[in-house]
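Q: Note that the UniProt record's numbering numbers the sequence shown so that position 95 is 95, with each residue one more than the last.
Virtual Cβ for every residue (Gly too), placed ideally from N, Cα, C.
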Amino acid sequence: MVKEVVRTDSLKGRRGRLPSKPKSPQESPPSPPVSTITALVRAHVDTTPDLANLDYSQYQDPSGQKQETSTAAEQVQQFYDLLVSSIEVIRQFADKVPGFADLAKEDQELLFHSACLELFSLRLAYRIHPDDEKLTFCNGTVLSREQCQQIFGDWLNTILDFSASLHSMDIDISAFACLCALALVTERHGLKEPQRVEQVQMKIIGSLRDHVTYNNEAQKKRHYFSRILTQLPELRTLSVQGLQRIFYLRLEDLVPAPPLVENIFTSSLPF
Numbered sequence: 001m002v003k004e005v006v007r008t009d010s011l012k013g014r015r016g017r018l019p020s021k022p023k024s025p026q027e028s029p030p031s032p033p034v035s036t037i038t039a040l041v042r043a044h045v046d047t048t049p050d051l052a053n054l055d056y057s058q059y060q061d062p063s064g065q066k067q068e069t070s071t072a073a074e075q076v077q078q079f080y081d082l083l084v085s086s087i088e089v090i091r092q093f094a095d096k097v098p099g100f101a102d103l104a105k106e107d108q109e110l111l112f113h114s115a116c117l118e119l120f121s122l123r124l125a126y127r128i129h130p131d132d133e134k135l136t137f138c139n140g141t142v143l144s145r146e147q148c149q150q151i152f153g154d155w156l157n158t159i160l161d162f163s164a165s166l167h168s169m170d171i172d173i174s175a176f177a178c179l180c181a182l183a184l185v186t187e188r189h190g191l192k193e194p195q196r197v198e199q200v201q202m203k204i205i206g207s208l209r210d211h212v213t214y215n216n217e218a219q220k221k222r223h224y225f226s227r228i229l230t231q232l233p234e235l236r237t238l239s240v241q242g243l244q245r246i247f248y249l250r251l252e253d254l255v256p257a258p259p260l261v262e263n264i265f266t267s268s269l270p271f
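#1: Between Val212, Leu249, Val84, Ala177, which lies nearest to Cys138 when the distance is taken from Cα to Cα?
#2: Quick check on the burial criterion: 16 or more other C-beta atoms within 10 angstroms. Buried or exposed for His44?
#3: Is the separation between the beta-carbon of Ile128 and that of Ser163 shorter than 7 Å?
#4: Quick one: what's got a C-beta closer than 7 Å to Leu251's C-beta in the same chain, skipping five residues either side?
#5: In terms of alpha-carbon separation, which member of Ala94, Asp95, Asp61 lies closest to Asp132?
#6: Please tell me whether Ser174 and Val41 are closer than 7 Å, where the distance is taken between their beta carbons.
#7: Expressed to the nearest angstrom, what Euclidean distance is found between the alpha-carbon atoms of Leu143 and Phe100?
#8: Start and end of the beta strand (DSSP E) containing Leu143?
#9: Should His211 go down as buried or exposed, given a rule of 16 or more other Cβ atoms within 10 Å for buried?
#10: Three or more beta-carbon pairs under 8 Å between the stretch 98–112 and the stretch 180–194, yes or no?
#11: Since I believe Cys178 is in contact with Ala208 (beta carbons under 8 Å), could you give me their beta-carbon distance rounded to a whole number of angstroms?
#12: Using only the alpha-carbon positions, how far apart do Gln199 and Gln147 sit?
#13: My output table needs one value for Leu54: the three-state DSSP class, helix, strand or coil.
#14: What's the C-alpha gap between His223 and Leu229?
#15: Just to confirm my understanding: we take Gly121, look at its own chain, exclude 5 residues before and 5 after, and list those with CB closer than 6 Å. What are they?
#16: Going by beta-carbon coordinates alone, are Thr36 and Lys203 separated by less than 7 Å?
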């Protein structure tokens, strides 16, 4: 009896030091934060056309039976439709770029409108295969090169040349996703908070540098980092070509430009 009392008394005042309840086996440690480059690749993949659901409804096989030729006005309308629907997809990509949504709204709009023709050209060029006669747009529409030549004019030739240069680098998807983000997040005239934009830009550049430094395949490519960055000035040239195409179509005035295209054009003057 005495032993029982001693045992009980020894526990008095020790309630706070009793072993805590064991954790439930369902509990798991929090997931590590997603890296910038992983988020960029995901943003690219999420806004890439699904190969199983491509739209061939407007496709005309150049080697098949000649179909009725579209009128000039119909081709202009097709140009605007392709451009607007693709830019809407590119907007989804922009919103997924880490840090972009945290920028001032005015800066988001300025960066997006300044870069959308660059990104349209870049993403289209990436999907063009050298020996393929088909071109796939951001909205999943597939057209032949011949159709695109009629619709896009000389702008297509510069995109095809850029595509050949891009593929000669054998650029991987991680580096390409970074390149897309850098086309969007860059110094532009009229930014409200350029320092914040630069911070996001430097984070993307740092992720790209780490990728080309530590990725086994990237290490095998000579001057890979600098070759990727030198594509950015080329994109500015492609954007100007696109603006010139829009200027020409506005001058013809066969079809009124949609508000989105009009906004892109006027915000880019002079080009």
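A: For this structure:
#1: That would be Val84, whose Cα lies nearest to the Cα of Cys138.
#2: By the Cβ neighbour-count rule, His44 is buried, with 16 or more other Cβ atoms within 10 Å of its own.
#3: Yes.
#4: So no residue of the chain qualifies.
#5: Asp132 has its Cα closest to that of Asp61, out of Ala94, Asp95, Asp61.
#6: Result yes, Cβ atoms of Ser174 and Val41 sit closer than 7 Å.
#7: Roughly 32 Å between the two C-alpha positions.
#8: Note, Leu143: beta strand (DSSP E), 142–144.
#9: Per the 10 Å Cβ criterion, buried.
#10: The stretch 98–112 is in contact with the stretch 180–194.
#11: It is worth fixing the name first, because residue 208 is Leu in this sequence and not Ala. That pair is a contact at about 4 Å.
#12: Rounded to whole angstroms, the separation of the alpha carbons of Gln147 and Gln199 is 42 Å.
#13: Residue state, collapsed to three classes: coil.
#14: Roughly 10 Å separates the two Cα atoms.
#15: Note that residue 121 is Ser in the sequence shown here, rather than Gly. So the list reads Ile159, Leu238, once near-sequence residues are dropped.
#16: Yes, Cβ-Cβ distance for Thr36 and Lys203 is below 7 Å.
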